[in-house]
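Here the structure comes first, spelled out in C-alpha cells, and everything after it is commentary.
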Amino acid sequence: MGGLAKDFSRISFLPPSPVFTGGTYIFPLLTVDVNFDRAMDTGVLPSLASFEIILDGVPETPSLLLWVDGDTLRLTISGPATVSLVVRLLTQDSNLRSAAGTFARAPQSVTIL
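For the sequence shown, the positions run 3 to 115 when our numbering is used.
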C-alpha cells in the first residue's frame with residue numbers, strides 16, 4: 003500500500019518569533035512604548051545596547067528599559083522628537099523572548115513618527 007509520507011523534518015514546532023507591532027511616543031515623559039505581537043517574558047530585561055533609537059535622524063542608545071505589561075517595553079530617550087522617531091532592534095538578545103521561549107529576531111524596526 004503506497005501513500006504519501008509527511009516530511010516532519012521541515013516543520014517548526016516552536017511558536018513564531020515575537021515582532022514589533024507598533025509603538026507610542028509619550029512626549030512629556032520622553033519615553034517610547036514598543037508593542038510586541040505576543041506575550042513576552044517580563045522576568046528579564048534585554049540589554050540597552052540591543053536597541054537603537056533614531057531620533058530626528060540621530061542614532062542613540064536608550065538610557066532605560068522597563069516592561070509596562072506583558073507585551074509592551076518602555077524605552078527612555080534623551081530628548082523630544084520633532085521630525086522622526088524609529089526604534090530598531092540591532093542584535094538578537096536572549097533576554098528578549100516571548101513567554102513561550104522564542105527570541106525576537108534582529109534586525110527589525112518600528113517607525114513611531
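Here a beta-carbon is modelled for each residue, glycine too, at the ideal position from N, C-alpha and C.
- Taking the CA atoms as reference points, I28 sits about 14 Å from V88.
- Here DSSP, grouped into helix, strand and coil, assigns P48 to coil.
- Rounded to the nearest whole angstrom, the C-alpha separation of R99 and L32 is 25 Å.
- In this structure, DSSP gives P61 an extended state, which the three-state scheme calls strand.
- Looking from the CA of F105, the closest CA among D71, N37, Q94 belongs to Q94.
- Membership of R76 in the beta strand (DSSP E) is indicated by the continuous run 74 to 78.
- The shortest C-alpha to C-alpha distance from D43 to any of L115, Q110, P109, V70 is the one to V70.
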